[in-house]
Amino acid sequence: MHSPDQSSQQRASRRKDLARQFCRILPTDSVLYHEDELRPYECDGLSAYRRVPLIALLPETIPQVQETLRLCRKLRLPVVTRGAGTGLSGGAVPHEDGVLLSLTKFNRILQVDVANMCARVQPGVRNLAISEAARPHGLYYAPDPSSQIACSIGGNVAENAGGVHCLKYGLTVHNLLEVTLVTIDGEVLTIGSGGLDSPGYDLLALLTGSEGMLGVVVEVLVKLLPVPERAQVVLAAYDRIEQAGNAVAELIAAGILPAGLEMMDNPAIRAAEDFVHAGYPTQAAAILLCEVDGTNAEVSEEILRVRRLLLASGASEVRTARDEAQRQRFWAGRKSAFPAVGRISPDYYCMDGTIPRKHLGQVLREIGRMSEEFGLRVANVFHAGDGNLHPLILYDANKPNELEQAEQLGGKILELCVQVGGTITGEHGVGLEKINQMCVQFPPAELETFHAVKAVFDPETLLNPGKAIPTLARCAEFGAMHVHGGKLPFPELERF
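To convert, note that position 406 of the sequence shown is 406 in this note's numbering; the numbers rise steadily by one, no gaps.
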């Protein structure tokens, strides 16, 4: 039996040996193997899960990625690809006996094609940088996650990221034309094309949201859209959170398709207002932010309809942004909600589930009940228009068992989403965080099919192993199989 010191020495020796091999492929400063160099890569945005990788590599050319992956396969080294590290599901948590492949040096915008309204970019390019480069041409990239100032387009592809404007303009998958990736064998594949459609199976949709389990994305061709002539946002305040939830369904049922339709409850409102001073009504139980864009005439007509419907839905107050500066402030509060909540709690656990819009009011009420049951506060911030919930469970990791309690409450919320006809993720992915709830969402036969698809691309399971798709043995251990036999965790909600 080895002592801790012996094990540490053996690990250090292995790191040095691997570094020598990878330095034949990469520049010396792109191979990190000292413990202090590796610590910054131990987690993504879900800091509750941490592992130090065996080695971290920072390639900057496609041939370097190819040779790196070939060597990893030869040595049977697991590979976890990382972008900006802003993911919230533990998808970029390293494998402790594997390679952390960082693509931060792939950070160039290769082309903005104005005539064809698209841009070719490397995966390390920030989401917002695409719109900044396209704006002089009157164009922009529509998906806008709240982390868009930092998150990378490669990560967006891996998680199928959304944002506040995904209701009208779609998720990442709806705004891609082509993806170039490198397989674990070192082969370069181009999926999709520059046209609006491409022949064969829709492998582009398969790859988008695959969480780095099928290949390493090295280039992306994204769609660009014309910047709307005008955009205007309405803020509606409600005295009851169920009213705000029901108003969302009523707006969509009336035939209105907002560019963005977001909701925040009182704890989130107060936190955001204290943080960015957006001008939110801090006494409201909930607020809706509804944005309309298009031509001047279209926006003027739609804004009046939206105001009438929101007032009829029980809003205690409805404000229309008087200018672009106020519109930006309204959105700044929403986009800063996550860090704002971090100021009122030592820690928070951010969930991500999606439900049919018609159940928003009922599900929010049930989340409130579960919050009281677990004794943990929950702040709700989410993309109300497409039913993508982001409950933020507040806890203190320094208190015994509070993290475990937060995880249990989060799991119950996700199982509730499944029960009402929704899904366990909308845009954050499964990663490590939701792998148990995959057992609730999918029966064994479907999970086996997912594993079979992965095996086509990665037969030795070296790319991001242990993430996203649970083994059937894990599901049996989790005890979720009874769900598919008809027993539901919340029988009182079966009427949903």
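Built from N, CA and C at the ideal position, the CB exists for glycine as well.
Here the structure is a predicted model, which means the values were calculated and not measured.
Item, Value
"Check whether the Cβ atoms of residue 241 and residue 389 lie closer than 7 Å to each other.", "no"
"Out of 286, 192, 252, 329, point me to the one whose CA is closest to residue 267's CA.", "286"
"Please list, in chain order, all residues of the same chain as residue 207 whose beta carbon is under 8 Å from its beta carbon, the five residues on each side excluded.", "157, 179, 181, 191, 214, 215, 217"
"I need the straight-line Cα distance from residue 53 to residue 36, nearest angstrom please.", "11 Å"
"Could you say if the region 143 to 150 and the region 159 to 177 meet the contact criterion of at least three C-beta pairs nearer than 8 Å?", "yes"
"Across the region 460 to 469 and the region 74 to 86, are there enough close Cβ pairs to call them in contact, namely three or more that are closer than 8 Å?", "yes"
"I'd like to check one pair, residue 152 with residue 83: are the Cβ atoms closer than 7 Å?", "yes"
"For a minimum of 3 consecutive residues, which ranges assigned as the beta strand (DSSP E) are wholly contained in the region 17 to 85?", "55 to 57, 79 to 82"
"Identify which residue in 139, 405, 123 has its Cα closest to the Cα of residue 101.", "123"
"Could you tell me how far apart the beta carbons of residue 67 and residue 109 are, in whole angstroms, since I believe they sit closer than 8 Å?", "With 8 Å as the limit, residue 67 and residue 109 do not qualify as a contact, their Cβ atoms being about 25 Å apart."
"Can you confirm whether the region 90 to 99 touches the region 423 to 437 when touching is taken to mean that 3 or more C-beta pairs between the two stretches lie within less than 8 Å?", "yes"
"What's the C-alpha gap between residue 246 and residue 104?", "42 Å"
"At which residues does the alpha helix (DSSP H) containing residue 293 begin and terminate?", "Taken as a continuous stretch (DSSP letters only), residue 293 belongs to no alpha helix (DSSP H), being part of the beta strand (DSSP E) at 286 to 294."
"Compute the Euclidean distance between the alpha carbons of residue 327 and residue 71, then round it to the nearest angstrom.", "51 Å"
"Use the C-beta contact count for residue 159: other C-beta atoms within 10 angstroms, 16 or more gives buried, fewer gives exposed.", "buried"
"Since residue 264 is in the beta strand (DSSP E), which residue starts that stretch and which ends it?", "260 to 265"
"Give me the Cα-Cα distance between residue 393 and residue 347, rounded to the nearest whole angstrom.", "8 Å"
"Distance, Cα to Cα, residue 121 vs residue 107?", "8 Å"
"Enumerate, from N- to C-terminal direction, the unbroken alpha helix (DSSP H) stretches of 4 or more residues contained entirely within the region 357 to 389.", "360 to 374"
"Between which two residues does the beta strand (DSSP E) harbouring residue 131 extend?", "No beta strand (DSSP E) holds residue 131; the alpha helix (DSSP H) holding it covers 127 to 134."
"In the structure shown, what three-state DSSP assignment does residue 433 receive?", "coil"
"By a C-beta neighbour count over all protein chains shown, 10 Å radius and 16 as the cutoff for buried, is residue 94 buried or exposed?", "buried"
"From what residue to what residue does the beta strand (DSSP E) around residue 391 run?", "391 to 395"
"Which stretch, first to last residue, makes up the beta strand (DSSP E) that contains residue 475?", "No beta strand (DSSP E) contains residue 475, which is instead part of the alpha helix (DSSP H) from 472 to 478."
"List the whole-angstrom C-beta distance separating residue 336 from residue 275, where the pair is believed to meet the contact cut-off of C-beta under 8 Å.", "6 Å"
"Rounded to whole angstroms, what is the Cα-Cα separation between residue 183 and residue 201?", "18 Å"
"Assign residue 347 to one of three DSSP states: helix, strand, or coil.", "strand"
"From the DSSP output, which residues share a beta bridge with residue 237?", "287, 317"
"Going by Cα to Cα distance, which pick from 271, 74, 8 is closest to residue 185?", "74"
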